[in-house]
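Numbers 53 to 539, taken from the numbering used here, label the letters of the sequence shown in order.
The beta carbon of each residue, even a glycine, is placed where N, CA and C say it ideally should be.
The block underneath contains the structure these notes are about, expressed in structure tokens.
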Amino acid sequence: MKIDRCDKGFDPESVQLIGILAEGATPELVCLEPLTGKMLEHCRRTVINENFKAKAASTLKIPVNHESIKYVVLHGLGDKKEGLQENIREGSFIISRTAASKKCSSVYLSMPETGERVSSRSAAEGAVLGCYSFDKYLTQEEGEKLISPDTFYIANADPKGLTEGEILGEAQCYTRDIANEPGNIVTPEVLAEKAASLAKDLGLKCEIWDEVRILKEKMGAYYAVSKGSANCPRFIVLTWSPKGECKGHIAFVGKGLTFDSGGLDIKPADYMTTMKGDKSGACAVLGAIKAVAQLELPWKVTAIIAAAENMPGGNAYRPDDILRARNGKTIEVNNTDAEGRLTLADALSFASELKPDKILDIATLTGACAVALGTNTGGLFTNNNTFGEEVLRAAEITGERFWKLPIDDQVLMKTIKSPVADLVNSGGRYGGAITAAMFLEAFVAKDIPWVHLDIAAADFIKEERSYYAKGASGFGMRTLATLIMSM
Ligand SMILES: [Zn+2]
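Structure (structure tokens):
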């Protein structure tokens, strides 16, 4: 799909679907620009009959009788600034999705605001996400398939905003595509191959370590997690270095469990499905560095993934085992299903050694975070409130919800102490998302501003909503890229 700015109105000979994002008004006053003549009359009558007031997130699809144009789709933006970007994104998504399901090859979208970069970005993101589906393993009849429109024209848009939105939307689809792949297809080795091919396409530096090197590099916590699986681990490091100005260096660390059975502390069956998504943090990090490189942003970005599969087996790590992490700290294992933080411990130690200006990790880390915040909000934890605020502001632009949780509770801190090692890997049920974050903090250099994002449950969509199709959401990826755009 090609997204383009178009200011001279639509071409009635070629456009097949007209979308209008309209501000709230009485049905008589709902903006129906750029319609004229009979089509305007027909649509005005429908708007009045349906009492459509363009309230926020309301949609009206009007079939029209015209040689080329099949539908006019109205989406209301309401009359508040609050939530406007998310509304634009959702409206553009619905318009694009309708076009894709009705096989309309050319779309024209009209927006009320003119030239605003962030609105144009939101509209382009929605347009790209509207055509997303993960259907490669489905045997479908031709008629059932979504077909992206060839062209999606947006009136009076800011061209920079459109390019940004297109790149961010495509990066989110890329993130979803990898996260949706099951554990029998994307193993740690395959994830590394995908990262290497991304690096090749974008001219990124790429380093991949196998299990021998991982052990040699003293990543004892991460290596232990991988031992029970026949699929060997891969440590992945991609680096984007801007050609011109460079404002600083940030390390993105993504949890990359290509499948998590729980290990010897095996999960009950109901909790094990969707665990192909335990690599969503890694996928978000890959999507983010893709967008950063395509936008040629002036920050050096290192993407770090300690990819592994957590399985039971004769060689699996056990409860009671004591592991030594890369930074020398010892960890007593009291739950082999709290494996993500063990892989992240060594990845965060490695990231700290690079001495970046900031470190951000993103992980489907704890069920406790989902219990606390639900399935549509990620947890944010930080050792530096200024950096935490920066991430929250970036998230707000993207419509991805994050909520800050504390990591300074000394009573909770005691639950991750061990009598025989420096730490235990699980602090138990109470405050589980917080104690996991506290555990990670022990592996981040004290002087580096660090943010940890827990996206458990937000990574996977059970019931389709807004621009989220069922399956992997790609949640958090746009926050990471938008953070770099705003720093
Ligand atoms: Zn687990």
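Ligand 1 heavy atom lying under 8 Å from the CB of residue i
{"i": "Asp312", "result": "yes"}
{"i": "Ala343", "result": "no"}
{"i": "Ala390", "result": "yes"}
{"i": "Leu309", "result": "yes"}
{"i": "Asn477", "result": "no"}
{"i": "Asp202", "result": "no"}
{"i": "Asn103", "result": "no"}
{"i": "Asp330", "result": "yes"}
{"i": "Asn283", "result": "no"}
{"i": "Asn362", "result": "yes"}
Residue burial classification, residue i (beta-carbon count within 10 angstroms, cutoff 16)
{"i": "Thr191", "result": "exposed"}
{"i": "Ile414", "result": "buried"}
{"i": "Pro408", "result": "buried"}
{"i": "Pro320", "result": "exposed"}
{"i": "Asp131", "result": "exposed"}
{"i": "Pro115", "result": "exposed"}
{"i": "Arg286", "result": "buried"}
{"i": "Asn139", "result": "buried"}
{"i": "Asp210", "result": "buried"}
{"i": "Tyr189", "result": "exposed"}
{"i": "Cys298", "result": "exposed"}
{"i": "Pro558", "result": "Residue numbering for the chain in the displayed model covers 53 to 539; residue 558 lies beyond these limits and cannot be assessed."}
{"i": "Ser538", "result": "exposed"}
{"i": "Arg378", "result": "buried"}
{"i": "Asn367", "result": "exposed"}
{"i": "Pro458", "result": "exposed"}
{"i": "Pro201", "result": "buried"}
{"i": "Thr487", "result": "buried"}
{"i": "Leu309", "result": "buried"}
{"i": "Ser249", "result": "exposed"}
{"i": "Arg141", "result": "buried"}
{"i": "Leu112", "result": "buried"}
{"i": "Thr531", "result": "buried"}
{"i": "Lys60", "result": "exposed"}
{"i": "Thr416", "result": "buried"}
{"i": "Gln462", "result": "exposed"}
CA nearest to the CA of residue i, picked from the options
{"i": "Leu254", "options": "Pro294, Ile72 and Thr78", "result": "Pro294"}
{"i": "Cys58", "options": "Leu457, Leu396 and Tyr160", "result": "Tyr160"}
{"i": "Ala509", "options": "Tyr519, Gly526 and Asp499", "result": "Gly526"}
{"i": "Met529", "options": "Ile507, Ser148 and Pro501", "result": "Ile507"}
{"i": "Thr78", "options": "Ala334, Ser538, Asn103 and Cys183", "result": "Asn103"}
{"i": "Ile266", "options": "Cys83, Phe402 and Gly484", "result": "Phe402"}
{"i": "Lys331", "options": "Arg393, Leu316 and Gly280", "result": "Arg393"}
{"i": "Pro350", "options": "Gly300, Tyr323 and Cys335", "result": "Gly300"}
{"i": "Tyr369", "options": "Ile468, Ile318, Thr429 and Ile356", "result": "Ile318"}
{"i": "Ile356", "options": "Ser200, Leu406 and Phe186", "result": "Leu406"}
{"i": "Arg517", "options": "Lys252, Asp372, Phe454 and Gly143", "result": "Gly143"}
{"i": "Lys498", "options": "Arg481, Asn436 and Leu338", "result": "Asn436"}
{"i": "Ala273", "options": "Ala175, Ala358, Thr354 and Met327", "result": "Ala358"}
{"i": "Gly451", "options": "His94, Ser174 and Glu85", "result": "Ser174"}
{"i": "Asn428", "options": "Phe454, Thr388, Cys335 and Glu216", "result": "Phe454"}
{"i": "Thr325", "options": "Ile513, Leu129 and His127", "result": "Ile513"}
{"i": "Gln137", "options": "Asp63, Met163 and Val305", "result": "Met163"}
{"i": "Val503", "options": "Gly479, Leu444 and Leu198", "result": "Leu444"}
{"i": "Leu198", "options": "Leu243, Glu85, Gly315 and Ile146", "result": "Ile146"}
{"i": "Phe304", "options": "Gly484, Ser281 and Lys410", "result": "Lys410"}
{"i": "Ile478", "options": "Thr418, Leu181 and Lys257", "result": "The residue asked about is misnamed: residue 478 is Ser in this sequence, not Ile. Among Thr418, Leu181 and Lys257, the Cα nearest to that of Ser478 is on Thr418."}
{"i": "Cys26", "options": "Glu448, Asn236 and Gly484", "result": "Because the chain is modelled from 53 through 539, residue 26 falls outside the range shown and cannot be assessed."}
{"i": "Val180", "options": "Ala247, Glu65, Met53 and Cys156", "result": "Met53"}
{"i": "Lys257", "options": "Leu535, Lys352 and Lys105", "result": "Lys352"}
{"i": "Ile260", "options": "Lys268, Lys252 and Glu245", "result": "Glu245"}
{"i": "Ala334", "options": "Asn387, Leu347, Met465 and Thr395", "result": "Thr395"}
For residue i: DSSP bridge partner residues
{"i": "Ala524", "result": "Phe512"}
{"i": "Tyr205", "result": "Asp56 and Tyr160"}
{"i": "Lys257", "result": "Thr291"}
{"i": "Gly308", "result": "Ala359"}
{"i": "Ile72", "result": "Leu126 and Ser162"}
{"i": "Arg286", "result": "Ala359"}
At 3 residues or longer, what runs of the beta strand (DSSP E) sit wholly inside the stretch 489 to 519?
502 to 506
Original post:
At which residue ranges does the stretch 424 to 451 contain complete beta strand (DSSP E) runs of 3 or more residues, listed in the order of the chain?
Top reply: 429 to 434
- Task: Can you check the stretch 338 to 425 for any beta strand (DSSP E) of at least 3 residues that lies completely inside it and give the ranges in chain order?
- Result: 352 to 362, 374 to 376, 382 to 384 and 410 to 415
What ranges does the beta strand (DSSP E) occupy inside the stretch 80 to 134, keeping only unbroken runs of at least 3 residues that lie completely in it? 111 to 115 and 123 to 130
In chain order, which continuous runs of the alpha helix (DSSP H) of length 4 or greater are located wholly inside the stretch 169 to 247?
-> 169 to 181 and 211 to 232
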